[in-house]
Every structure is written in C-alpha cells, then in structure tokens.
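Report on the following structure.
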Amino acid sequence: MEPRQGPKKVVSGKNGVVSSSHPCVSEIMIDVLKNGGNAVDAAVAGSLAGPIYEPHMTTISGTVSFLYWDAESEKSYYMDASPILPDGLAPFCPHPYAPTTAAAIPGSSAGLKSLLERFGSKNWGELAQPAIKVARDGHTVTSWEYALLYGGAGGRSSTLAGRTYFPSGRQHYTRDGFQVPVGENWRRPDLAKTLEASATIGPDYFINGDWAKRLVEEANSLGWMITIDDMAGYEPIWVEPTKTLYKEDEIIGIPPPQRGGFYTGFLFGVMKRFNLEHYTESAEALALMAWVLRRAHYDRNLIHDPDYYETPIDTLLSDSYHEIITKLWKHSRPKRDLTGYLELTYSKVAQRGALPSTGHVPHDSCELSIVDREGNWVQMMETGGGGIPGVVVDGVPGSGIGWERYALVEPGGRTQHAIANTIVVREGKPWMSLGSPGDCIFTVPQVLFSILEHGWSHYDAIDAPRFWPIRDDWTIEVENRISMDVVRGLKKMGIMPRPLGEYHWPMGSMQTVWREKDALKGTADPRRLGIALGY
C-alpha cells in the first residue's frame, strides 16, 4: 500500500521505538536498533536515507539539529549543524526564483560525523548501506512526493521549475525531460555512487574529499568563490539546551542561535498564569495562545548567533517578563461584542498595534524521534539550507538559505531555521520527545501544552486542530475542526477565524516517542505520510 495521510497507529515496544515522516525511513531506523545499534546509529542511517525517499523535504547537503539524552551520563546535549555563510564573501544568490536565498557551506555531514563519533556505536560505512541500496535500486514515487516536487513545499525555487532551472537539476529530476511519474521506480545512480564513495572514505568525503571539491568547482564556475578550506573548516557546535520547568516536568529545548526552545518556554511561561479550558473548547484560550505566539515571534528578532551578538534569552524566558506580557493581554481586551461590526467590515477593526506579521516558513524538513533499549533519546531534524540553490552536485541537491528571513547573519555565523526539537524530563528521567517540520516553532508548543496542561493523549494532541499566530489583520488561520461556539467567541473579540481545511499539511508532521509505565510508545502525524514502529 502506498504511504498515505490519515489516521496513524500508536505503537509499543520493549526495546525501542522510532517515528519518522516516511514509513521506509522508520523501517531503516528500527532495523538498526534490532541489529544492535543505538539511537544515534539509527538517526544517522535514517538521516542518510531520508533525502532519497523525501527529496522534496531535505538533502544531504543541508542542516542537522540534534537534541539528545544520554543514558550513561544522564544529561541532555544539543548539536547545531546549521550551514554558514563563508567569511569574507557577500551572500551569493544565483537563483532568479529565490533572489534572497544564498548559497551556504553545508553542515549535515560534519554534524552527523560529530554525533556519530561522540555517541554512536557503528561506523558510517555500515549505516550508509540502506541509503546506497535505495539510491541504486530506486523507490516507488508516491503521489505526495510527486505533487510536492512539482508544486513545491516552500517558495518558487522549490517547485519543479525552480529545481530544474540549472542543467544539473534537469539531469537529476527530469532525466528524460519529465518528472518520474507516480508509481514508477526512481533510481539515482549518481547519488548511489556518491554514497558508496562516502561509505568507503567516511563523512570526510563530503567535508574535504572529492565531493567537497566538486562543490567548490561548481560554485566557482557560477561566481561563488569559496575554497576547499571553507568546506573543510566547517565545525558543528555543541550548546547547552534551554530548560523550562513546568509543574513536574522539565522541558528541554534547543538554544540560540535557533529559537524552538524560546517559543516553547515563552508560551508555557505566560500560559501558566491562566486557568483556561483547552483551546478547541475556548475562544479565550485560542485567542490568548495565538496572541502569545505572535508576541514570541516578535521578540525572536532579539535572538541571533551568540558568537556575534548578545542574546537576552534569560530575560525573554524570565518570570518578570512573562508577567508583563500577561498584563498586556489582560489590559488590552475589547469592552464590547465586536461580532456585528467585524462581519460587516471584515477589516482590521480590532487590530492591536503594529506587531509584524508572523508570515509562513517553508514546510520542507524531516523529523526523527528515537528511543533505544539503553534509554538514549534522539529528537532530530534534517533539512536543507546548504549548498547552491537549484544546483545538484554528483546526485546531491543544494537548497541554500533564506539568509534574511530570521535574523541578522554575519559571514561565518550560523543560519537559523524553524526547528523545535523537544525532550521532556520528569523525576530526572526523559519520558517524551517530539518535534516536527514546518511551522514547528508554533505547533510543537500547542501539542505539548495539550499533553502537559490538559492531560490529552499524545495522539489526540497531535490530531487536534492547529492554528497559526494572530496576523496583522487580526485573523487566526486554524484547521476548521473547532466548534461554532469557539468561532463565535473569537468574533466577539474582534478576531476573524480563517479556515485551513480539516487537516492542513503545512502544519507539520509531528513525530513523537514516549515512555508509558514499562513500555515505550510512539506515533506519527495524520497530516503527512509518517509512521512509528517499535520492537
């Protein structure tokens, strides 16, 4: 049966559980665990295979964000392998469909090398074998993959027209002039050859070996004058994760220069000052959460690469600041029922100030959740951001980074992405991890709040309608499975709900695993193709 959207199973396992956004990737990861590998080994194998099954979502020359709980040391660790803009060069933006998307030095391979050396138990060559096999033998193109490769999961450059703007893209995606049809087998011999070479040489093949040299040659031919020293000099960073205490749980999130830990800590820090029903049952709760996430999105402009800027993360996550935000909400409420006027005008009748719009972020990434028999937990995102946008080098596509999108990025500084890897610890032991691609900085806090505050089951929390923050025109885009009572309540406050359909796939693919009594559990998001597997 073709992988598909729709209801997903909750699985159990005594020795390990995995969850990913593609069934074949989940199978690869669970096989690694069954064959004696640990959670990090499974993550590396899944990360190498993911871009083959989901080329519309990620690439080997991109980004790895790795949040980890180590059972031996009983500590959490975070590794950021985001691409960087090379020092001494202006942003190089060669793709006309993406004039502010810059080429960047990839971080994926160096990141996977670092985490494997520090916490893995198997070697790169062994873990690359599943990816080599599927690249060489091919996989069946799903309707989901075909549609997103054609129409794009982000800007115009991610459409088929954008991917095939350069000759190397045409050779890779439309070898005979056409996209590989749904149901047909797609083989990628160039990528298989590249992965085979890396299996022999190791990840350095991508960092300072022949593939890296080929990327430099291609870059120089287009006018991006990087050197092999730029490639070889890339190093991932290991940073202390953020930690937010909420009732009996410690929420471990990702730190600056990324922002996922900030959004979650900010929402929980404000919401704990209220006692409201679930947002699917209360217009007050939905409006408040949407407003708080909007405020967080405004304040996130203060968070940059700590190596280049002072970053006031402690202030932004402090009780005193959250109390101020709480007072702003309580003292800026409408005094009258605004339904009639709102419906007559459909305008900015209730706009509060001029905070910038939250906008949308690209939805193309893959999330992996893994827990093994030793009690090691991995929550990892792999996504694009590196290489030359639209250019394929020896079977590996580049995507580049929208360098202006999230923050000021100095040459040599870490680029920023919408990432929200999260692990939850109770009584000193992890009991849940979750994350998602897409607008996860908004959706992970929603799912987590449903579980920790309202006691919802993991699957019910994932399945629940999701929403984006309030926008400039004082509207909330929300999946339209909320009740009419909530809709009417929003209108009374001057907020116009805008329906997104029953399940809106850009709202992410939540992957989660958790511990329940003596069993390990896992599930996946109905909005995309993923599944969880256990053994």
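Letter 237 of the sequence shown, counting from 1, is numbered 257 in the numbering used here, and no numbers are missing. Note that the Cβ used here is the ideal one computed from N, Cα and C, for glycine as well.
Whole-angstrom distance between residue j and residue i, CA atom to CA atom
i: G280; j: G455; result: 10 Å
i: T120; j: W244; result: 15 Å
i: T532; j: V416; result: 28 Å
i: G33; j: K233; result: 44 Å
i: I515; j: W494; result: 6 Å
i: G373; j: I496; result: Because the pLDDT of G373 is 45, which lies under 50, any placement of that residue in the model is unreliable, and the number read from its coordinates should be weighed accordingly. Distance between the alpha carbons of G373 and I496 is about 16 Å.
i: G36; j: S529; result: 21 Å
i: V290; j: R156; result: 51 Å
i: E135; j: K95; result: For clarity, residue 135 is Leu in the given sequence; the question names Glu instead. Taking the straight line from one Cα to the other gives about 15 Å.
i: K511; j: R353; result: 13 Å
i: S302; j: V506; result: 6 Å
i: K612; j: V31; result: What is shown of the chain runs 21 to 555, which leaves residue 612 out entirely.
i: D100; j: P209; result: 30 Å
i: F112; j: E237; result: 15 Å
i: R183; j: S177; result: 6 Å
i: Y117; j: Y97; result: 38 Å
i: F469; j: Y299; result: 10 Å
Coil, strand or helix - residue i by DSSP
i: T179; result: coil
i: F282; result: helix
i: I271; result: strand
i: D538; result: coil
i: Y98; result: strand
i: L549; result: coil
i: P256; result: coil
i: L147; result: helix
i: E216; result: helix
i: W494; result: coil
i: K34; result: coil
i: S85; result: strand
i: R190; result: helix
i: D505; result: helix
i: S128; result: helix
i: W349; result: helix
i: S40; result: strand
i: D51; result: helix
i: W488; result: coil
i: D339; result: helix
i: I104; result: strand
i: I408; result: coil
i: D90; result: strand
i: L135; result: helix
i: R434; result: strand
i: V154; result: helix
i: G554; result: strand
Residue(s) in a DSSP beta bridge with residue i
i: I421; result: A122
i: T442; result: L454
i: L472; result: In DSSP, L472 forms no bridge with anything.
i: D334; result: Answer is none; D334 lacks a bridge partner.
i: S385; result: T403
i: R207; result: Beta-bridge pairing links R207 to no other residue.
i: H556; result: For residue 556 there is no data in the structure shown, the boundaries of the chain being 21 and 555.
i: Y266; result: D269
i: H159; result: W206
i: K560; result: Since the first residue shown for the chain is 21 and the last is 555, residue 560 is missing from the structure and cannot be characterised.
i: Q531; result: G455
i: S241; result: In DSSP, S241 forms no bridge with anything.
i: T543; result: T532
i: I515; result: In the DSSP output, where bridge partners are listed per residue, I515 has none listed.
i: S231; result: What sits at residue 231 in the sequence shown is Trp, not Ser. Paired residue(s): none; W231 is not in a bridge.
i: W525; result: DSSP output for W525 lists no bridge partner at all.
beta-carbon residue i near the ligand FAD non-hydrogen atom, thresh 6 Å
i: P326; result: No copy of the ligand FAD appears in this structure; indeed no ligand is present at all.
Whole-Å CB distance - residue i paired with residue j, under 8 Å assumed
i: G410; j: Y185; result: 5 Å
i: G406; j: T83; result: 7 Å
i: L287; j: P465; result: 4 Å
i: E26; j: P431; result: For clarity, residue 26 is Gly in the given sequence; the question names Glu instead. Not really, about 45 Å apart at Cβ, beyond 8 Å.
i: S85; j: I246; result: With a Cβ gap of about 23 Å, S85 and I246 do not count as contacting.
i: T435; j: A124; result: 6 Å
i: N500; j: P526; result: With 8 Å as the limit, N500 and P526 do not qualify as a contact, their Cβ atoms being about 15 Å apart.
i: A110; j: I152; result: No, A110 and I152 are not in contact; Cβ-Cβ is about 37 Å, not under 8 Å.
i: D384; j: T403; result: 7 Å
i: Q199; j: Y170; result: 6 Å
Validate contact between the segment 199 to 216 and the segment 160 to 179 using beta carbons, cut 8 Å, 3 pairs:
yes
Contact between the segment 52 to 63 and the segment 244 to 257 is defined here as three or more beta-carbon pairs at a separation below 8 Å; is this criterion met?
no
Quick test of the definition: if touching needs 3 or more C-beta pairs under 8 Å, does the segment 39 to 47 touch the segment 533 to 552?
yes
At least three beta-carbon pairs within less than 8 Å, the segment 130 to 150 to the segment 185 to 195
These segments do not touch.
Check whether the segment 268 to 284 and the segment 116 to 135 touch, using three or more Cβ-Cβ pairs below 8 Å as the test.
no
Can at least three beta-carbon pairs, one atom from the segment 66 to 83 and one from the segment 258 to 266, be found at a separation below 8 Å?
The way I'd put it, the segment 66 to 83 doesn't touch the segment 258 to 266; fewer than three beta-carbon pairs between them come closer than 8 Å.
Check whether the segment 89 to 100 touches the segment 394 to 402, taking contact to mean three or more Cβ pairs, one atom from each stretch, closer than 8 Å.
yes
Inter-stretch contact at 8 Å, needing at least 3 Cβ pairs: the segment 316 to 324 / the segment 353 to 363:
Segments in contact, no.
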